[in-house]
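Engineer: As you go down the protein sequences, you meet chains P and R in turn.
All residue numbers for the first sequence refer to my numbering, where the first residue is 5 and numbers rise by one.
All residue numbers for the second sequence refer to my numbering, where the first residue is 5 and numbers rise by one.
Below is one structure. I have some questions about it.
Number of protein chains: 2
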Amino acid sequence: MNLPPNIESLVVHFGEMGSRWGFNRTVGQMLALIVFSEIPLNADQIAESLGISRGNVSMGLKELQSWRLIRTQPQPGDRKDYFIPNGTVWELGLQVMQERRKREVDPTLSMLRGQLMNSDDDSNNYAQQKMREIHDLLELLIGWFDDIHKMNPDNLKTLLKLGSGVGKVLDMKDKVLRK
Amino acid sequence: MNLPPNIESLVVHFGEMGSRWGFNRTVGQMLALIVFSEIPLNADQIAESLGISRGNVSMGLKELQSWRLIRTQPQPGDRKDYFIPNGTVWELGLQVMQERRKREVDPTLSMLRGQLMNSDDDSNNYAQQKMREIHDLLELLIGWFDDIHKMNPDNLKTLLKLGSGVGKVLDMKDKVLRK
DNA sequence: TTATAATTTCAGAAATTTCTGAAAATGCGA
DNA sequence: TCGCATTTTCAGAAATTTCTGAAATTATAA
Numbered sequence: 005m006n007l008p009p010n011i012e013s014l015v016v017h018f019g020e021m022g023s024r025w026g027f028n029r030t031v032g033q034m035l036a037l038i039v040f041s042e043i044p045l046n047a048d049q050i051a052e053s054l055g056i057s058r059g060n061v062s063m064g065l066k067e068l069q070s071w072r073l074i075r076t077q078p079q080p081g082d083r084k085d086y087f088i089p090n091g092t093v094w095e096l097g098l099q100v101m102q103e104r105r106k107r108e109v110d111p112t113l114s115m116l117r118g119q120l121m122n123s124d125d126d127s128n129n130y131a132q133q134k135m136r137e138i139h140d141l142l143e144l145l146i147g148w149f150d151d152i153h154k155m156n157p158d159n160l161k162t163l164l165k166l167g168s169g170v171g172k173v174l175d176m177k178d179k180v181l182r183k
Numbered sequence: 005m006n007l008p009p010n011i012e013s014l015v016v017h018f019g020e021m022g023s024r025w026g027f028n029r030t031v032g033q034m035l036a037l038i039v040f041s042e043i044p045l046n047a048d049q050i051a052e053s054l055g056i057s058r059g060n061v062s063m064g065l066k067e068l069q070s071w072r073l074i075r076t077q078p079q080p081g082d083r084k085d086y087f088i089p090n091g092t093v094w095e096l097g098l099q100v101m102q103e104r105r106k107r108e109v110d111p112t113l114s115m116l117r118g119q120l121m122n123s124d125d126d127s128n129n130y131a132q133q134k135m136r137e138i139h140d141l142l143e144l145l146i147g148w149f150d151d152i153h154k155m156n157p158d159n160l161k162t163l164l165k166l167g168s169g170v171g172k173v174l175d176m177k178d179k180v181l182r183k
């Protein structure tokens, strides 16, 4: 890896975290490289910088595109593909959350839906009761994610900053509405 | 695997999802088995039900305990360890989120803190600017997680149900406070 | 204590994931 | 269309993760 030292440590760290975030080491490194680079990069530059094979880069780029985290930007006078982050840091963050929801939550929700559908209405069944609890929790969570994703960044930021303070606002809402 | 068919499909599914949730297949299967079982289970029963080795079960149980997702419950007249879920489905969900935050977000936040600390105050540096953006986003996210975790379940449920409706409540708050 | 039951450990085997690099496919200007 | 530049694919190799099972450790009842 032949990079400025501050960039290199970022790349190494994102590589180590990669697998925890749902992709693998090289894909994590590639993401860091593209995000922290001021200029668009092509596949050869990425392979060169990270010291990995061209084929591996091709697969990694496809993966990052399937996550909608990067996109190409044509460079006049060069037919190579040049890649840049697909939005601001904030947008990339939301994108990661949405994509992980799709991969980590949605399949389980459908599975539970299916199970609960074609099971006898034996509502005393312990396992079935647990299934419903998980199902309801996931449905709530997904609904919330969808809503969040529709909010404009400023409101969302306010909401996050407010944190549990929302509890107070909710109480206040009750009081106001009760009048 | 020798289980009632409805339980078996749950176990298989949780196994498949396991690696996406931060552990491996067997650990996922073990979690499902324990959560969906009405009675506490011991290690031998788990090994037997899933058709895996005793040693593997021992490692998996340690993993699940390190996530605080299960705990032992002594059974009078039996010195084996019997395992049960460490709380309600809701609590397990929160626990998974908290644990993943620790493993997936905290390390990156510290790394960025470090980088931003001992870097020259060259605030025009593009990479440094991006680092700060990510740093601030993660800090916001973590603060919010902490807050959420402190809320009582009912308020939290209300909050989630409200979703982007919070936007309206926030507007209202502004109006009320402005008076 | 001692004997027995239960759990943990961990070296090597098995399974899975990731990576390479050459061949195939694709895109594009002339 | 042809010829060259670029990207993708994928079989096998390499790296990593997971699993087994026997030995070591720990816990407890007598």
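By construction, the Cβ of each residue, glycine as well, lies at the ideal position given by its N, Cα and C atoms.
Kindly indicate if chain P contains any beta-carbon less than 9 Å away from that of R:Trp71.
Structural biologist: Judged by the 9 Å Cβ criterion, R:Trp71 is not in contact with chain P.
Engineer: From the beta carbon of R:Thr76, is the nearest beta carbon of chain P less than 9 Å away?
Structural biologist: So, not an interface residue.
Engineer: In the structure shown, what three-state DSSP assignment does R:Ile88 receive?
Structural biologist: R:Ile88: strand per DSSP, three-state reduction.
Engineer: In terms of residue numbering, what span does the alpha helix (DSSP H) encompassing R:Arg105 cover?
Structural biologist: Premise fails: R:Arg105 is in no alpha helix (DSSP H) and is neither H nor E.
Engineer: Closer than 8 Å by C-beta to P:Leu1: which residues in its own chain qualify, once you throw out the five before and the five after it? Chain order, please.
Structural biologist: The structure shown does not extend to residue 1 of chain P, since chain P is modelled only from 5 through 183, so no value can be given for it.
Engineer: Using a C-beta to C-beta distance shorter than 8 Å, which residues of chain R count as neighbours of P:Gly147?
Structural biologist: Under the 8 Å cutoff, chain R gives Leu164, Lys165, Gly167.
Engineer: Measuring straight from C-alpha to C-alpha, what distance separates R:Leu45 and P:Gly55?
Structural biologist: Looking at the two C-alpha atoms, the distance is approximately 49 Å.
Engineer: For P:Gly26 versus P:Val100, is the C-beta distance shorter than 9 Å?
Structural biologist: The answer is yes: Cβ separation under 9 Å.
Engineer: Against chain P, with Cβ distances strictly below 9 Å, would R:Tyr130 count as a contact?
Structural biologist: Answer yes: the Cβ-Cβ gap between R:Tyr130 and chain P drops below 9 Å somewhere.
Engineer: Start and end of the alpha helix (DSSP H) containing P:Ile146?
Structural biologist: Per DSSP, P:Ile146 belongs to the alpha helix (DSSP H) from 130 to 154.
Engineer: Using three-state DSSP, classify R:Ile74 as helix, strand or coil.
Structural biologist: R:Ile74 falls in the strand class under three-state DSSP.
Engineer: Any idea which residues DSSP pairs R:Asp82 with across the strands?
Structural biologist: DSSP output for R:Asp82 lists R:Gln79 as bridge partner(s).
Engineer: Please identify the residue among R:Leu160, R:Glu137, R:Gly167, R:Tyr130 whose C-alpha is closest to the C-alpha of P:Pro8.
Structural biologist: Measuring from the Cα of P:Pro8, the nearest candidate turns out to be R:Tyr130.
Engineer: Give the secondary structure of R:Asn159 by DSSP, where H, G and I count as helix, E and B as strand, and everything else as coil.
Structural biologist: If DSSP states are grouped into helix, strand and coil, R:Asn159 belongs with the helices.
Engineer: Just the chain P side, please: which residues come within less than 7 Å of R:Met115 by C-beta, in chain order?
Structural biologist: Those within 7 Å of R:Met115 in chain P are His17.
Engineer: Closest by CA to P:Asp85, which one among P:Leu116, P:Ile50, P:Ser57, P:Arg107?
Structural biologist: Cα-wise, what sits closest to P:Asp85 is P:Ile50.
Engineer: Excluding five sequence neighbours on each side, which residues of the same chain lie with their C-beta closer than 7 Å to the C-beta of R:Asn28?
Structural biologist: Result list for R:Asn28: Gly22, in chain order.
Engineer: For R:Gln79, count the other beta carbons within 10 Å of its own beta carbon; 16 or more makes it buried, fewer makes it exposed. Which is it?
Structural biologist: It is exposed - the Cβ of R:Gln79 has fewer than 16 other Cβ atoms within 10 Å.
Engineer: What residue range is occupied by the uninterrupted alpha helix (DSSP H) comprising P:Glu52?
Structural biologist: First-last of the alpha helix (DSSP H) with P:Glu52: 47 to 54.
Engineer: Within 10 angstroms of its Cβ, does R:Gln77 collect 16 or more other Cβ (buried), or is it exposed?
Structural biologist: Flag for R:Gln77 reads exposed.
Engineer: Can you find a C-beta in chain P that's less than 9 Å from the C-beta of R:Met5?
Structural biologist: Not closer than 9 Å to any Cβ of chain P, the Cβ of R:Met5 fails to qualify, so no.
Engineer: Counting pairs of beta carbons, one from the stretch 157 to 168 of chain R and one from the stretch 129 to 147 of chain R, are three or more of them closer than 8 Å?
Structural biologist: They do not touch, by the three-pair rule.
Engineer: With DSSP as the reference, label R:Pro8 as helix, strand or coil.
Structural biologist: Coil.
Engineer: Along the stretch 101 to 115 of chain R, what residues have a CB closer than 7 Å to any CB found in chain P?
Structural biologist: Under the 7 Å Cβ criterion, the stretch 101 to 115 of chain R contributes Arg107, Glu108, Pro111, Thr112, Met115.
Engineer: Would you check if the stretch 105 to 120 of chain R and the stretch 136 to 156 of chain R touch, i.e. whether three or more CB-CB distances between them fall below 8 Å?
Structural biologist: Yes: the two stretches touch, three or more of their Cβ pairs being nearer than 8 Å.
Engineer: The alpha helix (DSSP H) that contains R:Arg24, what's its start and end?
Structural biologist: Counting along the chain, R:Arg24 falls outside any alpha helix (DSSP H), and DSSP gives it neither H nor E.
Engineer: Of the residues that make up the stretch 42 to 63 of chain R, which ones have a beta carbon closer than 8 Å to any beta carbon in chain P?
Structural biologist: Against chain P - using a Cβ distance shorter than 8 Å - the residues of the stretch 42 to 63 of chain R are Glu42.
Engineer: Report the three-state DSSP secondary structure of P:Gly118 (helix, strand or coil).
Structural biologist: Reduced to three states, the DSSP call for P:Gly118 is helix.
Engineer: In three-state DSSP terms, what is R:Asn28?
Structural biologist: Of the three classes helix, strand and coil, the one that applies to R:Asn28 here is coil, per DSSP.
Engineer: Taking DSSP as the reference, what is the three-state secondary structure of P:Gly167?
Structural biologist: Residue state, collapsed to three classes: coil.
Engineer: Short check: CB of R:Leu35 to CB of R:Ser53, under 9 Å?
Structural biologist: Not a contact, by the Cβ cut-off of 9 Å.
Engineer: Just how far apart, CA to CA, sit R:Lys183 and P:Asn122?
Structural biologist: Bear in mind that a pLDDT of 49 at R:Lys183, under 50, signals an unreliable position, so the number given afterwards is only what the model happens to contain. Spanning the two alpha carbons is a distance of roughly 55 Å.
Engineer: By the three-class DSSP mapping on this structure, what secondary structure does R:Glu67 have?
Structural biologist: If DSSP states are grouped into helix, strand and coil, R:Glu67 belongs with the helices.
Engineer: Which whole-angstrom value describes the C-beta separation of R:Glu67 and R:Val15, a residue pair presumed to lie in contact below a C-beta threshold of 8 Å?
Structural biologist: The pair is not a contact, with the Cβ atoms about 16 Å apart (cut-off 8 Å).
Engineer: Below 8 Å CB to CB, which residues in the same chain sit around P:Gln69 once its five sequence neighbours on both sides are set aside?
Structural biologist: Contacts found: Arg75.
Engineer: DSSP three-state label for P:Ile43, please.
Structural biologist: Correct three-state label for P:Ile43: coil.
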